[in-house]
Structures are given as C-alpha cells and as structure tokens.
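Structure first, commentary second.
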Amino acid sequence: MQTLTLRRLKANLLDLPKKVQHGVGIEIYEPWKTLYFKKHEEFSALYGKQRSKSVKWDSSEFFFRLSDLRQLCNHPALIEREEGVKRYTWKEGSKVVHLVSHLKEFFQKEPGLRYPKAVVFSEYKRFLDIIEIALDESGISNLMMHGMLKNDQRIQILEEFRKNPKSQVLLTTKGTGGVGIDLRCAQNVYIMEPGWNPSTDEQAVDRLYRLGQKKEVHVFHYITVGSIEVNIQQVRRKKQQLQMLSIGHLGTVDHELEKLIVETIEKS
C-alpha cells in the first residue's frame, strides 16, 4: 500500500495552531462498581476465554450486552432505558461530575480567550440529556444538537452557538455534529467515550481544528479505567494499524469487530 498511497497530514499542509490531546481516566462511581463488574464478568464468561465453544454465537446479543457495558461506563441511568434518567442524579456519573468541574474551571480561568466555548460529543443522546441537566443546574449555558432535529433547527442552534457570546457549550452526538459543520468558535472539545472507529472521533475534532482556527485546540478523551472502554481502546489501536475500515470490505466490519473485541477480552 505504501507504493500506492500518498498520505498528507493536515498539520503539515495548513498553518494551524497547536492541537493538544488529553487522556482523562475516570473511575466508575463507587456505588455502581459492583453492578458494572458483575455485568463485565457475565460478558467475559459468554464471549471471552471462559466461553463454551459449543455455544452458538449471537451477534445481536453480543452487541446488545456490549452496549449496556459501554453505557454503564457513562451513567447508570442509561441501562434502565427511559425511566432511568428521572431515577438517578447526574452526580452518579463520574464522567459528568468531572466534565462539569473542568468546564467551570475552563470558563473561569481562561484569560486569553474573549469568549471561551466548548463542544461535548457523545454517541448517546440520552447521555447528553443527563449532561444537559448537569450544566443547567451548574449555571453553564448550553445548547444541544442531535439527529432528531430538523435541518433548519440545527442551523438555528449552530448560529446561536457561534454568534451568542453567552452560549458556552454545544452538546451534540457524533453522528450529527461530527461531519460537515464549522465549530471553529470553540477551543475545547470533549469526547465522552471511545468509539470503535478512530476516524469518527477525528472527524468530530476537525469541526474545530480546521483552516481558520486561530486558537489552540484542546481535546479531552474520556475513558473509564478498568472497563470495557480499555478493551475498545485496544481495538482502536489494532484497527488503526490494520486500516480495517478504510481498505476492508464493509460487510466484514461487524465480524472483524467481534474478533478483535474477543481477543482483547481474552487477554485481559
């Protein structure tokens, strides 16, 4: 492939300010650790090295259980479906607590920025709902953009975020806010969970880090230590090495994901 492909990096071609990457390791909220690790052990028994070779593989069940583990890393309310958001407080999610604290510090102690702004990306709209409640209760002005909004509503939200100095945070799903929009008005970006495809996160960051950006951009990647998110991070590294999603066959992506996930679980 090296003789056929010429890769040009944006940082080498464009005169852009520095982009600083930060890893943010978060512990699961203490009262929910027992529940999380019980579910993690069940998942490992079904799909890791303890699994019976005679058990028929069910891909839909595999990804359903995997999704529960991922969402539990964000907030316990997410695995209880619609009723959950009302039953729990946002402070029961360690990521949310850290995010609120970090944003408060960013807005209070950033003298070099006239109108500091931040963008928060998540794969889960319901997680953004919880973050929205947290920001509202903490006095942090925010807007939300997601896939259920009509196009004209999204345009209105983007205009409000860009032009209103009092609009501090944009909450958006990766699928909605990660492609084709201009968020150069912001300087901090928060990726609330690692996704399977590293390029999806890169595209999200590129909404800020693009031609015309004048300020240094800081990217904060959240990961729950000792959790399935660590396995996902290992999968991401392997996918980057193999360039699976860019040169592989689309029909084999889920199958390859399953193989890589199982490999990382068996080694953990």
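Under this note's numbering, the first residue of the sequence shown is numbered 174, with each subsequent residue one higher.
Built from N, CA and C at the ideal position, the CB exists for glycine as well.
Each of 238, 400, 361 and 411 was checked against the Cα of residue 278, and the nearest Cα belongs to 361.
Its Cα nearest to that of residue 345, the residue 356 stands out among 339, 356 and 338. CA-to-CA, the gap between residue 201 and residue 385 works out to about 38 angstroms. Secondary structure note for residue 316: its beta strand (DSSP E) is the uninterrupted segment 315-318. For residue 195, the uninterrupted beta strand (DSSP E) run begins and ends at 192-199, by DSSP. Under the criterion of beta carbons closer than 8 angstroms, residue 249 and residue 234 do not qualify as touching, at roughly 21 angstroms. With a cutoff of 8 angstroms on beta-carbon distance, residue 189 and residue 401 are scored as not near each other.
Residue environment for residue 221: buried (at least 16 other C-beta atoms within 10 angstroms of its C-beta). Between the alpha carbons of residue 191 and residue 354 lies a distance of about 21 angstroms. Residue 291 sits in a strand when the DSSP states are folded into three classes. Judged by their CB atoms, residue 239 and residue 245 are not nearer to each other than the 8 angstroms cut-off.
It is roughly 14 angstroms from the alpha-carbon of residue 397 to the alpha-carbon of residue 363. A direct Cα-to-Cα measurement between residue 383 and residue 359 gives close to 11 angstroms.
With a threshold of 16 other beta carbon atoms within 10 Å, residue 282 falls short and is exposed. Sequence-distant Cβ neighbours of residue 381 in its own chain, meaning closer than 8 angstroms and more than five residues away, are 292, 356, 357, 359, 360, 362 and 390.
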